[in-house]
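Visitor: Residues in the sequence shown are numbered consecutively from 12, following this note's numbering.
Where a beta carbon is used, it is the ideal one built from N, C-alpha and C, also for glycine.
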Amino acid sequence: MKVKAIFNRDGGTFRTTDMDAYSRKVEEDFRAVGHEIEIAVVGADEMRDTLETACGRGDLDAIVAGGGDGTISAAAGVAWKTGMPLGIVPAGTMNLVARSLKLPLDIWKVPEVLANGRIIDADIGSADGRAFVHQFSMGLHARMVRYRQSYRFASRLGKISASTRAAIGVIFNPPDFEIEFDADGHRERRHVSAISVSNNHFGHDTLMYAEDLTSGHLGFYTAPPLSPAGVAKLSFDILRGKFRSSTLITEMSALTVDLHFPKMDRKINCVIDGELVPIRSGRVALRVHPGELKLLVGSQESNAGKTV
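Next comes the structure, spelled out in structure tokens:
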């Protein structure tokens, strides 16, 4: 294959990595099995343009994107729209997509796995046409991200500290809002503190990431209006990998979820793959696109994939 690797030098682990040494390692791993590879190390503000340019080239067989979850989400969106196979190097804090794909979380180990990997047809979600490879969420998560962004941090540990402070803030000030939804024709109105719509169901006994990105559905989760004690309990359930079995969570499976916010009288936000995004119309259409994202994964991941 001919591959273009694009690394976000401002993303997570890469901020403190010798990117020249890392690029040499990636080049060695790919060339050792016969692939041709180009490598670009760019800043966060250059990532999207670089990704789009690479995906528009007719001479590439795949791209590899490296960075945090936001970078991986952006790369997945571009790759989905263009049909370009995508490999990922997880260099962020949570690396949720890499966990779903069972890739090594060590940036020095994953290049060899990708170089010897295979391409699978994976699913991707969309919110009003905007891609998400992990999840769309509102309520508790959006408020926590908004609080976290109000704190300054410049490292992975700083981000974890800011997230902890934000989580404590949300515990004592949980949201409560009304939604109407249509999930595959099932219509209902609920008061909630949280909504999460995931690209495939989150796993059992894991953090909030899917164990399989090829099942062809959305996971739709809601939590009722919660007291501070209820938020603390749900947070504890999430941390011990019991989100789906929490008594506070109602779960559905769907191909389409349409959300409406009948009492939207102020600015509200959602989180799409970790990025805080404003909702302006009071409605959101969520869809799953089965098999439309081509992903480069470890060779053991899919007997149906093709060796590259």
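Counting along the chain, where does the alpha helix (DSSP H) carrying Ser-34 start and finish?
Guide: Along the sequence shown, one-based indexing puts residue 34 at 23. Residues 30 to 43.
Visitor: How would you label Pro-273, buried or exposed, when you count the other beta carbons within 10 angstroms and need 16 or more for buried?
Guide: The sequence position of residue 273 within the sequence shown is 262, counting from 1. Pro-273 comes out exposed.
Visitor: Across which residues does DSSP place Asn-210 in a beta bridge pair?
Guide: Locating residue 210 in the sequence shown gives position 199, where the first residue counts as 1. Answer is Leu-229, bridged to Asn-210.
Visitor: Any chance you could list the beta strand (DSSP E) runs of at least 3 consecutive residues sitting entirely within the region 236 to 312, in chain order?
Guide: Taking only runs of at least 3 residues, the beta strand (DSSP E) segments lying wholly in the region 236 to 312 are 261 to 265, 267 to 271, 279 to 283, 286 to 290, 294 to 308.
Visitor: Using 10 angstroms around the beta-carbon of Val-108, count the other beta-carbons present and answer buried if the total reaches 16, otherwise exposed.
Guide: Reading the sequence shown from its first residue, position 97 is the one you call residue 108. Buried.
Visitor: Taking just the CA atoms, how far does Asp-70 sit from Met-12?
Guide: Numbered from its first residue, the sequence shown carries residue 12 at position 1. Numbered from its first residue, the sequence shown carries residue 70 at position 59. The straight-line gap from Cα to Cα measures roughly 10 Å.
Visitor: State the Cα-Cα distance for the pair Ala-243 and Leu-250, rounded to the nearest angstrom.
Guide: By 1-based counting over the sequence shown, the position of residue 243 is 232. By 1-based counting over the sequence shown, the position of residue 250 is 239. Spanning the two alpha carbons is a distance of roughly 11 Å.
Visitor: Three-state secondary structure (DSSP) at Leu-112?
Guide: By one-based count along the sequence shown, residue 112 stands at place 101. Here Leu-112 sits in coil by DSSP.
Visitor: What's the C-alpha gap between Glu-141 and Phe-147?
Guide: Residue mapping note: residue 141 aligns to position 130 of the sequence shown, counting from 1. Residue mapping note: residue 147 aligns to position 136 of the sequence shown, counting from 1. Before going on, a small fix: residue 141 reads as Arg here, not Glu. Answer to the nearest angstrom: the Cα atoms are 10 Å apart.
Visitor: Taking only runs of the alpha helix (DSSP H) that begin and end inside the region 43 to 106, which ones reach a length of at least 4 residues, in chain order?
Guide: Complete alpha helix (DSSP H) runs here, min 4: 58 to 66, 80 to 93.
Visitor: If I follow the unbroken alpha helix (DSSP H) through His-351, where does it start and stop?
Guide: With the chain represented from 12 up to 319, any question about residue 351 goes unanswered, as that position is not in the structure.
Visitor: What is the C-beta distance between Gly-23 and Gly-103, in whole angstroms, given that I count them as a contact (C-beta under 8 Å)?
Guide: As a working note, residue 23 is residue 12 in the sequence shown. As a working note, residue 103 is residue 92 in the sequence shown. With a Cβ gap of about 4 Å, Gly-23 and Gly-103 count as contacting.
Visitor: Can the beta-carbon of Thr-82 be found closer than 8 Å to that of Ala-76?
Guide: As a first step, residue 82 must be located in the sequence shown, where it is residue number 71. As a first step, residue 76 must be located in the sequence shown, where it is residue number 65. Cβ distance < 8 Å, so Thr-82 and Ala-76 count as in contact.
Visitor: In the DSSP output, what is Phe-183 paired with across the bridge?
Guide: Start at 1 with the first residue of the sequence shown, and residue 183 comes out as number 172. Answer by DSSP bridge pairing: none, since Phe-183 is not bridged.
Visitor: Roughly how far, in whole angstroms, is the beta-carbon of Gly-293 from the beta-carbon of Ser-204, given that I think they are within contact range, below 8 Å?
Guide: Within the sequence shown, numbered from 1, the residue matching residue 293 stands at position 282. Within the sequence shown, numbered from 1, the residue matching residue 204 stands at position 193. Contact doesn't hold; Cβ gap of about 19 Å is too wide.
Visitor: By alpha-carbon positions, which one of Glu-222, Thr-93, Gly-88, Gly-79 ends up nearest to Cys-391?
Guide: Here the chain comprises residues numbered 12 to 319, so residue 391 is not present and cannot be evaluated.
Visitor: From what residue to what residue does the beta strand (DSSP E) around Arg-14 run?
Guide: Counted from its first residue, the sequence shown places residue 14 at position 3. The amino acid at residue 14 is misidentified as Arg; the sequence shows Val. 13 to 19 is the span of the beta strand (DSSP E), which, as asked, contains Val-14.
Visitor: Taking the beta strand (DSSP E) that Ala-194 belongs to, which residues open and close that run?
Guide: Along the sequence shown, one-based indexing puts residue 194 at 183. 188 to 194 is the extent of the beta strand (DSSP E) around Ala-194.
Visitor: Rounding to the nearest angstrom, what Cα-Cα distance links Ile-182 and Tyr-158 in this structure?
Guide: Taking the first residue of the sequence shown as position 1, residue 182 is located at position 171. Taking the first residue of the sequence shown as position 1, residue 158 is located at position 147. Distance between the alpha carbons of Ile-182 and Tyr-158: 12 Å.
Visitor: DSSP on Ser-174, reduced to helix/strand/coil?
Guide: In the sequence shown, residue 174 corresponds to position 163, counting from 1. Three-state DSSP puts Ser-174 in a helix.
Visitor: To which residues of the same chain is Leu-125 closer than 7 Å at the C-beta, ignoring the five residues directly before and after it?
Guide: Locating residue 125 in the sequence shown gives position 114, counting from the first residue. For Leu-125, where only same-chain residues beyond five positions count, the Cβ hits under 7 Å are Val-75, Gly-98, Leu-307.
Visitor: Alpha carbon to alpha carbon, what distance is there between Ile-118 and Val-37?
Guide: Start at 1 with the first residue of the sequence shown, and residue 37 comes out as number 26. Start at 1 with the first residue of the sequence shown, and residue 118 comes out as number 107. Those two C-alpha atoms are separated by around 10 Å.
Visitor: Quick one: using the 10 Å Cβ neighbour count with 16 as the cut-off for buried, is His-212 buried or exposed?
Guide: Within the sequence shown, the letter at position 201 stands for residue 212. It is buried - the Cβ of His-212 has at least 16 other Cβ atoms within 10 Å.
Visitor: In or out: Pro-289 buried (at least 16 other Cβ within 10 Å) or exposed?
Guide: Locating residue 289 in the sequence shown gives position 278, where the first residue counts as 1. Under this definition Pro-289 is an exposed residue.
Visitor: Suppose you measure from the CA of His-215 to the CA of Ala-133; what does that come to, to the nearest Å?
Guide: Working through the sequence shown from its first residue, we reach residue 215 at position 204. Working through the sequence shown from its first residue, we reach residue 133 at position 122. Distance between the alpha carbons of His-215 and Ala-133: 20 Å.
Visitor: Span of the beta strand (DSSP E) holding Ala-142?
Guide: As a first step, residue 142 is located in the sequence shown; it is residue number 131 there, counting from the start. Looking at the DSSP string, the run of the beta strand (DSSP E) that includes Ala-142 is 141 to 143.
Visitor: Nearest by alpha-carbon distance to Thr-175: which of Asp-195, Pro-186, Arg-154 is it?
Guide: For this step, residue 175 is matched to residue 164 along the sequence shown. The residue with the shortest Cα to Cα distance from Thr-175 is Arg-154.
Visitor: From the DSSP output, in three-state form, read off Glu-222 for me.
Guide: On the sequence shown, residue 222 is found 211 positions in, with the first residue counted as 1. Of the three classes helix, strand and coil, the one that applies to Glu-222 here is coil, per DSSP.
Visitor: Assuming Ser-137 is part of the beta strand (DSSP E), what are its boundary residues?
Guide: Sequence index remark: in the sequence shown, residue 137 carries index 126 (1-based). Note, Ser-137: beta strand (DSSP E), 129 to 138.
Visitor: Let me make sure I understand the geometry here. Which of Glu-262, Asn-210, Ala-177 has the alpha-carbon closest to that of His-228?
Guide: Start at 1 with the first residue of the sequence shown, and residue 228 comes out as number 217. Selected option, being the one with the closest Cα: Asn-210.
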